[in-house]
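Asker:
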Amino acid sequence: MDLNIICTKFMTARDIIEKFFTGASHFIYPVCASIFLNKDKMVDTDKLTECTLLLDKYVDRFYDFDTEIRPIIISILSTYDDAEGAINKAIKLYNQLKLNFVDSTYIAIDALIMIELVDEENFVYISQRAKEIYKIMESAHKILTSSSDIIFALLMSLSDKQNLKMILDAEEYYLILKKKFASGDPVQTLSHVLALYNWANKCTRVIKLYDALKSKGYVYGTNYELPSLGTLAMMNINLKDIIDDFIKVDKFLAKQNAYRSSKFTKKQRFIHSAMLVIISHSNSTINTYNSIFAAITMATQHSVVMRSMSNIISHGKN
573 MDLNIICTKF MTARDIIEKF FTGASHFIYP VCASIFLNKD KMVDTDKLTE CTLLLDKYVD
633 RFYDFDTEIR PIIISILSTY DDAEGAINKA IKLYNQLKLN FVDSTYIAID ALIMIELVDE
693 ENFVYISQRA KEIYKIMESA HKILTSSSDI IFALLMSLSD KQNLKMILDA EEYYLILKKK
753 FASGDPVQTL SHVLALYNWA NKCTRVIKLY DALKSKGYVY GTNYELPSLG TLAMMNINLK
813 DIIDDFIKVD KFLAKQNAYR SSKFTKKQRF IHSAMLVIIS HSNSTINTYN SIFAAITMAT
873 QHSVVMRSMS NIISHGKN
């Protein structure tokens with residue numbers, strides 16, 4: 573999809589969402605807008621109202637989400653033609669995940685992300701396989717591994733690769749990338765993102781993208797921002813085109829009122845620029861690939877929100 577159209581749709585969606593979810597964290601609005609863009613859907617406030625009531629209706633069967641996270645859940649549900657069918661399907665997967673993981677906001681959101689990728693008859697299989705993969709993750713990095721990594725274990729459970737092979741690959745990427753980026757936790761998440769792709773020289777590609785952006789004055793964050801950089805680098809297009817598109821989008825966002833205030837740092841804006849470039853290209857692919865790519869994009873955004881919400885202010889201006 574054309575970058576100008578994507579950017580305009582994004583800001584329109586963001587503004588509608590801000591008015592609907594007045595008082596939510598400013599960091600939530602772009603994430604919600606990206607959910608609609610990933611599905612190539614327009615924001616419908618009537619549908620948002622319907623899904624708000626729907627989430628309240630199912631709170632006892634599903635999960636009592638924190639106020640800050642509710643807009644994300646409601647936005648995801650609103651992209652479905654049959655929102656009630658979607659939440660019932662998510663509840664079934666969520667119940668399976670609870671048998672294998674400690675109950676948390678993470679697995680509830682993970683269930684909503686995964687239901688488009690997995691048939692109901694495979695819920696038991698992917699839940700059990702994800703648990704096996706997660707255990708291997710823990711054995712490699714006990715301290716760094718947390719509930720935020722479950723979504724990547726679930727996405728890996730869709731792969732034909734052997735469980736151990738995927739984690740060994742991720743560990744190889746981790747050791748290479750840690751030399752460049754240092755931050756342990758974000759680098760592990762980045763390594764999990766890369767393990768989902770079949771590219772050769774994945775680490776080299778991420779580092780080249782980072783260095784190329786930096787040389788042009790765009791110093792991408794190396795903390796919670798890293799997973800989105802990895803997803804951006806894994807797009808099946810030339811790095812020069814990725815960089816050109818990134819700069820075009822970021823120049824657009826920098827002119828918008830929402831980004832001209834002190835609410836967003838440059839590094840936070842860069843995440844959104846990357847997200848829009850990713851969406852602009854994933855929407856042009858075949859449906860199956862697009863669904864998986866969208867899920868990975870949502871997973872990285874989910875990781876950003878859940879792991880970083882409490883730290884946004886402390887990062888200060890960059």
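Those letters in the sequence shown? Residues 573 to 890, per the numbering used here, in order.
Virtual Cβ for every residue (Gly too), placed ideally from N, Cα, C.
Here the structure is a predicted model, which is why all the values come from computation and not from measurement.
Chain D beta carbons: is any one of them nearer than 9 Å to that of residue 805?
Answerer: Included in the structure is just one protein chain, with no chain D present.
Asker: So, at 7 Å on beta carbons, what are the nonlocal neighbours of residue 748 in its own chain, with the 5 sequence-adjacent residues on each side left out?
Answerer: Excluding the 5 residues flanking it on each side, residue 748 has same chain C-beta neighbours closer than 7 Å at 775, in chain order.
Asker: Tell me whether residue 577 is buried or exposed, calling it buried when 16 or more other Cβ atoms sit within 10 Å of its Cβ.
Answerer: exposed
Asker: If you check the beta carbons only, do residue 734 and residue 696 fall under 9 Å apart?
Answerer: no
Asker: When the Cα of residue 852 is compared with those of 657, 591 and 606, which residue comes out closest?
Answerer: 606
Asker: Going by DSSP, what residue range makes up the alpha helix (DSSP H) through residue 730?
Answerer: Counting along the chain, residue 730 falls outside any alpha helix (DSSP H), and DSSP gives it neither H nor E.
Asker: Count the other CB atoms within 10 Å of the CB of residue 720; is the residue buried (16 or more) or exposed (fewer)?
Answerer: buried
Asker: Going by beta carbon distance, what residues of the same chain come within less than 8 Å of residue 670, once the five residues before and after it are set aside?
Answerer: 679
Asker: By the three-class DSSP mapping on this structure, what secondary structure does residue 715 have?
Answerer: coil
Asker: Taking DSSP as the reference, what is the three-state secondary structure of residue 790?
Answerer: Here DSSP, grouped into helix, strand and coil, assigns residue 790 to coil.
Asker: Kindly indicate which residue of 622, 635, 673 and 675 has the alpha-carbon position closest to the one of residue 566.
Answerer: Because the chain is modelled from 573 through 890, residue 566 falls outside the range shown and cannot be assessed.
Asker: On the three-state DSSP scale, how would you describe residue 797?
Answerer: Under the three-state reduction of DSSP output, residue 797 falls in the coil class, being neither helix nor strand.
Asker: Are at least three pairs of beta-carbons, each pair with one atom in the segment 804-822 and one in the segment 782-794, less than 8 Å apart?
Answerer: yes
Asker: What's the call for residue 810, buried or exposed, on a 16-neighbour Cβ count within 10 Å?
Answerer: exposed
Asker: Look at the alpha carbon of residue 739 and the alpha carbon of residue 801, and state the distance between them as a whole number of angstroms.
Answerer: 20 Å
Asker: Closest to residue 672 by CA distance: which of 694, 755 and 700 is it?
Answerer: 700
Asker: In whole angstroms, what separates the C-alpha of residue 730 from that of residue 736?
Answerer: 14 Å
Asker: Counting beta carbon pairs with one atom in the segment 654-663 and one in the segment 609-616, are three or more of them shorter than 8 Å?
Answerer: no
Asker: Is residue 692 buried or exposed, if buried means 16 or more other CB atoms sit within 10 Å of its CB?
Answerer: Taking all protein chains shown into account, residue 692 has fewer than 16 neighbouring C-beta atoms within 10 Å of its C-beta and is therefore exposed.
Asker: Which stretch, first to last residue, makes up the alpha helix (DSSP H) that contains residue 828?
Answerer: Here residue 828 belongs to no alpha helix (DSSP H), and DSSP marks it neither H nor E.
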